RNA sequence: GCGCCAGUAGCUCAACAGGAUAGAGCAACAGCCUUCUAAGCUGUAGGUUAGUGGUUCGAGUCCACUCUGGCGUACCA
């Protein structure tokens, strides 16, 4: 719809050259008496043209070639807004388009042919996913859906590290639990993984080895733990309808010599140096605050080096867009990694880093502090079991990723019938129900009398349907999943109002059949939006 | 100390990308089901947009400073 107005302005540029290259924005006014669309372009041009904004607005309107079948009226309002009033019959055309495009309505091929990599979750396999990981998982998957929506081919990728200290401690934790289960009196160290799941893994090992672990290699404990935990993680993700395409093991970067190669490149370019037995990267020369260690004096690289190598592999894999998603606790890591990658001549503009703020888990008004090691966490599985995948997914994306999210468990559990996600799904189910009833009444869907859709509630719905495509594209291009949920809440609200004010059964036949077309269109858009968020669109509730 | 994110109604959040009189839900109060799902709708009440300056024809939105909270600021990831 905005494109249409933009085209009309484009054509007017011949007559008014000063419009060339200007940002002509159309917005939907807050107040209906200000029209259906509005632009502020006249006010933006006052300085350059040294004319009164209302005078410029008049010039622009005179130059526009407006088809009355589309735009019925324009006006100059306030300090110099140009307001457009759309033909209601034209607005109703959207119904036909929606009914034809069905599940594709609102999608775009703007980015078709492009490939994206979205890396998310990326938790090391030391324990079950927690509520904290949930926000990451859901945002990552939703962002992936959104990119697919506009044409990208998306690879969902999970990066992990099964070497390192964490994993050693994990293996030891399992071994000690085994020994304890066999009756040995060994104290379980405080800094080891305390969770119940460690004992479960230990039991599995014992069961598979006839209770004799004396001959077992230490590696087995770690590897079994990793395997079990990963299976568990994948199951958790599957419970949220998330499926990773690639599990990228950090270790392959060592095996393929990527880490060595990277070190050599830094050395060749004189970007690294040795000090106190460690190798440092000259990040201060690359515009960052201070130099950082990339190889410890023990000879072990810090996370920065493999992270850089990893990003280089992603760039080498020729993705057009690479998205990293992590929590604000990793805030400090990415500028160093990006600076390192850039210093070797790579184009880091293709990499977008999304940082979401923490989830504060509340339990009856109190903050629950969580730590995987201490095992006083609430698992994502438990949460999904309590409130369902749809609610979990919706809660995690309904707010801007930049803001903290309070997740009150008590509330989420008992809230399940006053929850926004139910509000949306209820609208969908209500329409399904209406359609079942109208079928019994022998009413058919018809596009022949859409001009009868004149009720205020109907016109508002039509306008909202018309903005779906624009709003979704905006949400995707700005990577703001919460815009999708905002749109859906507004659409559902408009539908519920329509429902109370406009009856189908009992209305005159032509009007009733036009309304059936309208609610069918609303149903499709709701389902498409819910699908984009990875939620179900139930026909009954 | 420095960096990033946030601060809007009692609570959780919107505000179309600087625009016109800041809007929803929850909670509170008052209404609406013999007719398509009341998990809904209507109405009332609730605001110095944390504060102070600035830029602008116009600021919740941009800039500066202050205050409050979160996260960082490792030879952890």
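Residue numbers (our numbering): 92 to 632.
Ideal Cβ positions, reconstructed from N, Cα and C, are used throughout, including at glycine.
Here the structure is a predicted model, which is why all the values come from computation and not from measurement.
Span of the alpha helix (DSSP H) around residue i
{"i": "residue 256", "result": "255-272"}
{"i": "residue 232", "result": "222-240"}
{"i": "residue 70", "result": "Missing from the structure shown is residue 70; the chain here goes from 92 to 632 and no further."}
{"i": "residue 50", "result": "The chain is shown from 92 up to 632; residue 50 falls before or after that span and cannot be answered."}
{"i": "residue 378", "result": "It is not in any alpha helix (DSSP H) - residue 378 carries neither H nor E in the DSSP assignment."}
{"i": "residue 560", "result": "559-568"}
{"i": "residue 475", "result": "471-478"}
{"i": "residue 207", "result": "Not the alpha helix (DSSP H): residue 207 falls in the beta strand (DSSP E), residues 206-210."}
{"i": "residue 138", "result": "137-140"}
{"i": "residue 433", "result": "424-434"}
{"i": "residue 106", "result": "Run containing residue 106: none; DSSP gives neither H nor E here."}
7 Å Cβ shell around residue i - same chain, five flanking residues per side excluded
{"i": "residue 289", "result": "264, 265 and 268"}
{"i": "residue 340", "result": "251 and 253"}
{"i": "residue 493", "result": "448"}
{"i": "residue 142", "result": "none"}
{"i": "residue 191", "result": "none"}
Residue i (DSSP reduced to helix, strand or coil)
{"i": "residue 454", "result": "strand"}
{"i": "residue 163", "result": "strand"}
{"i": "residue 628", "result": "coil"}
{"i": "residue 595", "result": "coil"}
{"i": "residue 157", "result": "coil"}
{"i": "residue 511", "result": "helix"}
{"i": "residue 620", "result": "helix"}
{"i": "residue 246", "result": "strand"}
{"i": "residue 216", "result": "coil"}
{"i": "residue 306", "result": "coil"}
{"i": "residue 352", "result": "helix"}
{"i": "residue 364", "result": "strand"}
{"i": "residue 521", "result": "helix"}
{"i": "residue 286", "result": "coil"}
{"i": "residue 202", "result": "coil"}
{"i": "residue 583", "result": "helix"}
{"i": "residue 394", "result": "coil"}
{"i": "residue 117", "result": "strand"}
{"i": "residue 251", "result": "strand"}
For residue j and residue i, believed in contact at Cβ under 8 Å, the rounded distance
{"i": "residue 624", "j": "residue 576", "result": "7 Å"}
{"i": "residue 237", "j": "residue 566", "result": "7 Å"}
{"i": "residue 138", "j": "residue 247", "result": "About 48 Å separates the two Cβ atoms, so there is no contact after all."}
{"i": "residue 572", "j": "residue 230", "result": "6 Å"}
{"i": "residue 480", "j": "residue 331", "result": "5 Å"}
{"i": "residue 206", "j": "residue 243", "result": "7 Å"}
{"i": "residue 344", "j": "residue 400", "result": "5 Å"}
{"i": "residue 434", "j": "residue 377", "result": "5 Å"}
{"i": "residue 552", "j": "residue 469", "result": "Their Cβ separation, rounded to whole angstroms, is 40 Å, which puts residue 552 and residue 469 out of contact at 8 Å."}
{"i": "residue 327", "j": "residue 472", "result": "5 Å"}
{"i": "residue 582", "j": "residue 554", "result": "The Cβ separation is near 11 Å, so there is no contact."}
{"i": "residue 498", "j": "residue 222", "result": "6 Å"}
{"i": "residue 442", "j": "residue 529", "result": "No, residue 442 and residue 529 are not in contact; Cβ-Cβ is about 51 Å, not under 8 Å."}
{"i": "residue 372", "j": "residue 512", "result": "Actually they are not in contact, since the Cβ atoms of residue 372 and residue 512 sit about 46 Å apart, beyond 8 Å."}
Proximal residues to residue i (C-beta, below 6 Å), its chain only, five neighbours per side dropped
{"i": "residue 538", "result": "187 and 608"}
{"i": "residue 129", "result": "118, 120, 172 and 174"}
{"i": "residue 444", "result": "415 and 425"}
{"i": "residue 235", "result": "209, 245 and 247"}
{"i": "residue 563", "result": "197"}
Host beta strand (DSSP E) of residue i (start-end)
{"i": "residue 130", "result": "128-130"}
{"i": "residue 459", "result": "No beta strand (DSSP E) holds residue 459; DSSP gives it neither H nor E."}
{"i": "residue 385", "result": "383-386"}
{"i": "residue 497", "result": "496-499"}
{"i": "residue 417", "result": "412-418"}
{"i": "residue 372", "result": "369-372"}
{"i": "residue 339", "result": "337-340"}
Cβ-based neighbour list, residue i, same chain, cut-off 8 Å, excluding 5 preceding and 5 following
{"i": "residue 491", "result": "571 and 573"}
{"i": "residue 458", "result": "451 and 452"}
{"i": "residue 193", "result": "615"}
{"i": "residue 297", "result": "269, 272, 273 and 304"}
### Query
Hey, is the segment 381-397 in contact with the segment 187-206, meaning 3+ C-beta pairs nearer than 8 Å?
The segment 381-397 makes no contact with the segment 187-206: fewer than 3 CB pairs, one atom from each, lie closer than 8 Å.
### Query
So, do the segment 161-176 and the segment 533-553 have three or more beta carbon pairs nearer to each other than 8 Å?
No: the two stretches stay apart, fewer than three of their Cβ pairs being nearer than 8 Å.
#### Entry: At least 3 beta-carbon pairs within less than 8 Å: the segment 402-420 vs the segment 538-551
Pairwise C-beta distances place the segment 402-420 out of contact with the segment 538-551, as fewer than three of them are shorter than 8 Å.
### Message
Between the segment 358-367 and the segment 304-316, can you find at least three pairs of beta-carbon atoms closer than 8 Å?
### Response
No, the segment 304-316 is not in contact with the segment 358-367.
#### Entry: Any 3 or more C-beta pairs closer than 8 Å across the segment 272-281 and the segment 313-328
Using a C-beta cut-off of 8 Å, the segment 272-281 makes no contact with the segment 313-328, since fewer than three inter-stretch Cβ pairs fall below that distance.
#### Entry: Contact the segment 215-225 vs the segment 585-592: 3+ CB pairs below 8 Å
With a cut-off of 8 Å, the segment 585-592 and the segment 215-225 do not count as touching, because too few Cβ pairs lie within range.
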